[in-house]
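First up is the structure itself, then whatever we jot down about it.
2 protein chains.
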Amino acid sequence: MLQVRAGSLQVMLWQRGKEPHAHRWSLPGGGLGDEEDVETSIRRQLAEKVDVRQLSHVEQLAVFSNPARVPGARVIATAFLGLVPSDIDPVVPSDTCWHPVDSLPPTAFDHEAICARARNRLAAKLSYTNLGFALAPPAFTISALRSLYSAALGYKVSATNLQRVLSRRGLLEPTGATAPPGPAGGRPAALFRFVSGEMRVTDPFAVLRPPSTRSLGP
Amino acid sequence: MLQVRAGSLQVMLWQRGKEPHAHRWSLPGGGLGDEEDVETSIRRQLAEKVDVRQLSHVEQLAVFSNPARVPGARVIATAFLGLVPSDIDPVVPSDTCWHPVDSLPPTAFDHEAICARARNRLAAKLSYTNLGFALAPPAFTISALRSLYSAALGYKVSATNLQRVLSRRGLLEPTGATAPPGPAGGRPAALFRFVSGEMRVTDPFAVLRPPSTRSLGP
DNA sequence: GCCAGTTTTCGCCTATCGGTCGAAAACAGG
DNA sequence: CCTGTTTTCGACCGATAGGCGAAAACTGGC
Numbered sequence: 124m125l126q127v128r129a130g131s132l133q134v135m136l137w138q139r140g141k142e143p144h145a146h147r148w149s150l151p152g153g154g155l156g157d158e159e160d161v162e163t164s165i166r167r168q169l170a171e172k173v174d175v176r177q178l179s180h181v182e183q184l185a186v187f188s189n190p191a192r193v194p195g196a197r198v199i200a201t202a203f204l205g206l207v208p209s210d211i212d213p214v215v216p217s218d219t220c221w222h223p224v225d226s227l228p229p230t231a232f233d234h235e236a237i238c239a240r241a242r243n244r245l246a247a248k249l250s251y252t253n254l255g256f257a258l259a260p261p262a263f264t265i266s267a268l269r270s271l272y273s274a275a276l277g278y279k280v281s282a283t284n285l286q287r288v289l290s291r292r293g294l295l296e297p298t299g300a301t302a303p304p305g306p307a308g309g310r311p312a313a314l315f316r317f318v319s320g321e322m323r324v325t326d327p328f329a330v331l332r333p334p335s336t337r338s339l340g341p
Numbered sequence: 124m125l126q127v128r129a130g131s132l133q134v135m136l137w138q139r140g141k142e143p144h145a146h147r148w149s150l151p152g153g154g155l156g157d158e159e160d161v162e163t164s165i166r167r168q169l170a171e172k173v174d175v176r177q178l179s180h181v182e183q184l185a186v187f188s189n190p191a192r193v194p195g196a197r198v199i200a201t202a203f204l205g206l207v208p209s210d211i212d213p214v215v216p217s218d219t220c221w222h223p224v225d226s227l228p229p230t231a232f233d234h235e236a237i238c239a240r241a242r243n244r245l246a247a248k249l250s251y252t253n254l255g256f257a258l259a260p261p262a263f264t265i266s267a268l269r270s271l272y273s274a275a276l277g278y279k280v281s282a283t284n285l286q287r288v289l290s291r292r293g294l295l296e297p298t299g300a301t302a303p304p305g306p307a308g309g310r311p312a313a314l315f316r317f318v319s320g321e322m323r324v325t326d327p328f329a330v331l332r333p334p335s336t337r338s339l340g341p
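Chains as they are written, first to last, in our numbering: chain D, 124 to 341; chain L, 124 to 341.
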């Protein structure tokens with residue numbers, strides 16, 4: 124479960140109390156029930172940590188099935204990427220907290236590799252889908268959005284360009300309202316939202332498009 | 124397992140002999156061994172159908188885990204996308220043959236949904252990675268490559284543009300040789316290959332790039 | 001040989017997109 | 001009212017994608 128908080132991309136981990144890998148940090152998860160699919164299961168598991176309604180996006184990442192990934196037992200994991208909007212601060216159990224993804228504590232099993240996969244998937248999808256909606260609050264300023272993208276991607280992006288690219292793709296729309304300026308003054312920032320409809324990931328933006336068929340609109 | 128053959132994207136299916144879903148068409152696969160991971164397993168399963176050395180690319184697609192997906196038993200499947208270059212015609216068992224993905228026969232279980240996922244994944248990755256290498260022979264003409272992309276994407280692409288886009292990304296390089304013209308004559312076509320190195324999927328080509336830092340090369 | 005028909009290649013044109021910069025707008029505080 | 005701050009927006013430029021048609025290079029028939 125990833126979230127941009129305090130300006131950096133962070134992952135929710137809990138500290139194991141028992142062996143194996145006691146005291147190491149672990150991703151939330153657990154066994155699959157007989158009557159549920161893996162997505163239902165991961166939501167049930169996450170519900171023990173947070174309010175699942177706060178999850179803005181959940182998608183499968185990959186299956187991790189190395190026979191030696193868990194010592195002494197055969198455990199096959201379906202890893203998920205979960206995202207939480209940056210305006211939410213879920214209440215978490217005492218053994219659980221957030222860690223910046225680029226300075227992880229000692230992790231249990233192959234959970235560090237899973238985190239790496241999650242980061243890469245998120246960064247890639249920010250570029251060619253509308254996945255940004257899952258990191259952002261319902262309304263936000265362009266500079267706030269810029270911070271979110273920078274944190275998730277790991278490098279600075281231009282606010283001007285970000286706004287133009289997302290707008291041109293039809294993903295961004297102004298709410299009409301403005302945010303009050305900070306303590307140092309400054310022009311009030313306009314608030315935007317991701318175009319509503321369903322908050323789901325759209326098709327990727329393809330290059331090598333089909334032939335144009337010259338849309339001769341009225 | 125997908126391949127472009129006879130100008131269309133086709134999937135390898137085998138016809139089930141026994142219940143459940145007798146006579147329906149099924150994707151190759153099977154149970155996971157105790158000492159193998161899912162990728163090793165799928166390669167082992169595929170080896171019963173074809174020569175696995177002919178597989179140019181294998182990647183995880185998704186986990187299908189609906190409790191009712193297989194009647195009477197709990198079966199969780201990790202679906203894979205496998206690709207075979209178009210110049211290869213694997214010898215397959217008698218119960219096995221290729222079917223165009225847009226006119227599938229009655230399929231077993233949820234295998235039609237799995238095929239749909241595979242098509243979408245392939246089409247998306249052709250746009251923003253170098254995955255084309257896995258569909259193409261070691262050397263090919265631009266128009267042959269155009270056919271491959273058109274078949275896999277489901278729409279025509281321009282040969283001129285395809286060559287330019289792939290070349291600009293540094294994915295394509297001329298072999299120097301040319302292919303003989305067809306029976307109707309025509310200029311001999313130059314042969315190209317995907318730039319060698321490892322035949323692996325590269326990072327996606329991201330939009331929203333990091334700031335330029337003015338690469339002041341030597 | 002020469003010509004018609006075919007297929008590929010390549011240069012050119014245009015529209016759009018991505019990246020950058022700087023001026024102008026809008027605010028707070030002194 | 002002036003200064004400092006932050007946002008917004010227009011303008012510019014290079015890179016990229018899409019499209020077109022002329023030229024190149026071949027085959028086969030006359």
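The C-beta atom is built at its ideal place from N, Cα and C for all residues, glycine as well.
Sequence-distant residues of the same chain with beta carbon closer than 8 Å to residue i, five excluded per side
| i | result |
| --- | --- |
| S217(L) | none |
| S179(L) | L206, V207, P208, F256, A257, L258 and M322 |
| L193(D) | Correcting the residue identity first, residue 193(D) is Val in this sequence and not Leu. Excluding sequence neighbours, V193(D) sits near P143 and F232. |
| G340(L) | Low confidence applies to G340(L): its pLDDT is 34, below 50, so where it sits in the model is not reliable enough to give any reading. |
| G195(D) | P143 |
| R197(D) | P190 |
| E159(D) | R167 |
Beta-carbon proximity list for residue i, same chain, < 7 Å, skipping 5 on both sides
| i | result |
| --- | --- |
| A231(D) | R139, H144, R147, W148 and S149 |
| A259(D) | P208, S209, L268, L271 and F317 |
| L155(D) | V161 and S164 |
| A302(L) | T264, P311, A312 and L314 |
| P306(D) | none |
| G183(D) | Note on residue identity: the sequence assigns Gln, not Gly, to residue 183(D). Cβ neighbours of Q183(D) beyond the five flanking positions: T201 and F203. |
| G130(L) | S270 and A274 |
| S338(D) | Since pLDDT at S338(D) reaches only 38, below the 50 mark, its modelled position is unreliable, and the value read off the structure follows with that caveat. Same-chain partners within the cutoff: there are none. |
| V280(L) | R269, Y272 and S273 |
| L294(D) | N253, F317 and V318 |
| S188(D) | I199 |
Residue span of the alpha helix (DSSP H) that contains residue i, given as start and end
| i | result |
| --- | --- |
| Q133(L) | Taken as a continuous stretch (DSSP letters only), Q133(L) belongs to no alpha helix (DSSP H), being part of the beta strand (DSSP E) at S131 to Q138. |
| V330(D) | Here V330(D) belongs to no alpha helix (DSSP H), and DSSP marks it neither H nor E. |
| I265(D) | I265 to L276 |
| R310(L) | From DSSP, R310(L) is part of no alpha helix (DSSP H); its letter is neither H nor E. |
| S379(D) | Given a span of 124 to 341 for chain D in the structure shown, any question on residue 379(D) remains unanswerable. |
| R291(L) | A282 to R291 |
Under the three-state DSSP convention, the category residue i falls into
| i | result |
| --- | --- |
| G305(D) | strand |
| F317(L) | strand |
| R337(D) | Because R337(D) carries a pLDDT of 43, less than 50, the predicted location of this residue cannot be relied on, and no value is offered for it. |
| V175(L) | helix |
| E296(L) | strand |
| H222(L) | strand |
| T163(D) | helix |
| V127(L) | strand |
| S149(D) | strand |
Cβ-Cβ separation, residue j to residue i (assumed contact under 8 Å), whole Å
| i | j | result |
| --- | --- | --- |
| I265(D) | F315(D) | 7 Å |
| W221(L) | R128(L) | 6 Å |
| L245(L) | L125(L) | 6 Å |
| L331(L) | V330(D) | Not quite, the Cβ-Cβ distance comes to about 14 Å (not below 8 Å), so this is no contact. |
| Q177(D) | I211(D) | 5 Å |
| V186(D) | V186(L) | 6 Å |
| R240(L) | L132(L) | With 8 Å as the limit, R240(L) and L132(L) do not qualify as a contact, their Cβ atoms being about 14 Å apart. |
Where the beta strand (DSSP E) through residue i begins and ends
| i | result |
| --- | --- |
| T201(D) | A200 to V207 |
| L184(L) | H180 to F187 |
| L249(L) | Taken as a continuous stretch (DSSP letters only), L249(L) belongs to no beta strand (DSSP E), being part of the alpha helix (DSSP H) at H234 to Y251. |
6 Å Cβ shell around residue i - same chain, five flanking residues per side excluded
| i | result |
| --- | --- |
| Q286(L) | I265 |
| M135(D) | M124 and W221 |
| V324(D) | T252 and L254 |
| S290(L) | none |
> Should the stretch 170 to 185 of chain L be called in touch with the stretch 222 to 230 of chain L, which here means at least 3 C-beta pairs below 8 Å?
Replying inline: no
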